[in-house]
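Accompanying notes for the structure given below.
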Amino acid sequence: EFDHIIGKYAAGPDNPCPPVRNPIAGFAAMMENLDRQIGDLFDLLKELGIDQHTLVMFSSDNGTHIEGGHDPEFWDSNGPLRGHKRDLYEGGIRTPFLARWPGTIKPSSVSDHLSAFQDILPTMADLTHQPRPAQCDGKSLLPTFRGDPEAQEPNAFLYFEFMQGGRSSYSSRALRMGDWKAVQRSAGNKRNAKLLPIELYNLKNDPGENNDVSAANPEIVLQLESLMDKSHTPLK
33 EFDHIIGKYA AGPDNPCPPV RNPIAGFAAM MENLDRQIGD LFDLLKELGI
83 DQHTLVMFSS DNGTHIEGGH DPEFWDSNGP LRGHKRDLYE GGIRTPFLAR
133 WPGTIKPSSV SDHLSAFQDI LPTMADLTHQ PRPAQCDGKS LLPTFRGDPE
183 AQEPNAFLYF EFMQGGRSSY SSRALRMGDW KAVQRSAGNK RNAKLLPIEL
233 YNLKNDPGEN NDVSAANPEI VLQLESLMDK SHTPLK
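Dropping the structure here:
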């Protein structure tokens with residue numbers, strides 16, 4: 033059905049990247065292959081006799097993308113979420129996170145703990161009984177894995193930046209605090225493009241970030257803007 037679509041990816045001069053015919057079908061093939069490889073991994077853990085005391089975690093570094101002819105609309109990759117890779121809307125930064133740890137993580141359990149990749153390093157440090165690196169401000173996920181949400185140290189908020197267009201600072205930024213989500217985009221990709229006004233969303237009522245409620249909640253906007261300002265570290 034989609035053989036006429038040719039997907040092209042960018043690569044460095046020493047990394048030839050041939051075009052892909054029918055990348056929409058190719059995406060399905062990659063998902064099937066990934067699923068089989070995870071199955072192979074679990075089989076190997078059983079073969080080595082370590083399946084019952086091995087923690088396996090699976091996630092992605094960003095939401096769905098639109099490069100190379102991929103059509104996230106065809107596959108409904110983001111469901112109701114807005115945006116894609118390089119956006120700071122939920123469709124660009126919210127990803128699945130799965131963890132399997134027999135005897136510790138209850139099968140089919142779900143957590144709504146607010147977390148991000150900076151939480152993985154302190155989790156690994158706790159697992160291996162090592163001190164947490166001072167420069168890491170993540171929170172260990174071990175209490176959540178062990179089914180003890182009361183002992184889980186929360187993330188007060190999560191801050192995001194994206195750089196684009198040769199800027200020396202961010203071209204967009206966002207902050208998640210509880211159900212509140214602030215997003216501030218630039219007016220363009222050029223180096224001196226101005227930042228647009230801050231948008232505000234209540235993800236509990238509006239997970240698709242369709243209704244900007246900043247005008248009705250100016251105090252929340254100011255609070256989240258202050259946290260974004262404090263969280264930014266200028267590049268040298």
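In this note's numbering, the protein residues as written are 33 to 268. Ideal Cβ positions, reconstructed from N, Cα and C, are used throughout, including at glycine. Note that this is a predicted model, so its numbers are computed, not measured.
To which residues of the same chain is residue i closer than 6 Å at the C-beta, ignoring the five residues directly before and after it?
i	result
L87	W133
Q196	S203, N221
M89	A131
Mind checking whether residue i and residue j have CB atoms under 8 Å apart?
i	j	result
S203	N221	yes
V215	L113	no
T136	S92	no
F106	I56	yes
D211	L190	no
G123	G100	no
A131	F177	yes
L207	R217	no
V52	G44	no
F74	D67	no
F192	R118	no
N243	Y233	yes
Output the distance between the C-alpha atoms of residue i and residue j, rounded to the nearest integer angstrom.
i	j	result
L174	D180	9 Å
H145	L256	20 Å
H97	I252	31 Å
H161	N110	37 Å
Q26	G115	No information on residue 26 is available, as it lies outside the stretch 33 to 268 that the chain covers here.
P104	E64	17 Å
V245	E231	7 Å
A42	H102	14 Å
E79	D158	27 Å
A148	C49	31 Å
For the beta strand (DSSP E) that residue i lies in, which residues bound it at each end?
i	result
F194	190-194
Q216	212-216
L227	Here L227 belongs to no beta strand (DSSP E), and DSSP marks it neither H nor E.
V88	88-91
F149	F149 -> no beta strand (DSSP E), and no H or E assigned at all.
L130	129-132
L174	Segment 174-177 is the alpha helix (DSSP H) holding L174; no beta strand (DSSP E) there.
S204	204-209
Quick one: measure Cβ to Cβ for residue i and residue j, integer angstroms, because I've assumed they're closer than 8 Å.
i	j	result
M260	R205	6 Å
Counting only the same chain and skipping the five closest in sequence on each side, list residues whose C-beta sits under 7 Å from that of residue i.
i	result
D169	Q150
P154	R164, C168, G170, K171, S172
D35	R53, N54
K138	G179
I37	N54, P55, I56, G101
Please report the residue range of the alpha helix (DSSP H) in which residue i lies.
i	result
N65	55-79
A157	152-159
F106	104-107
S258	250-263
I125	122-125
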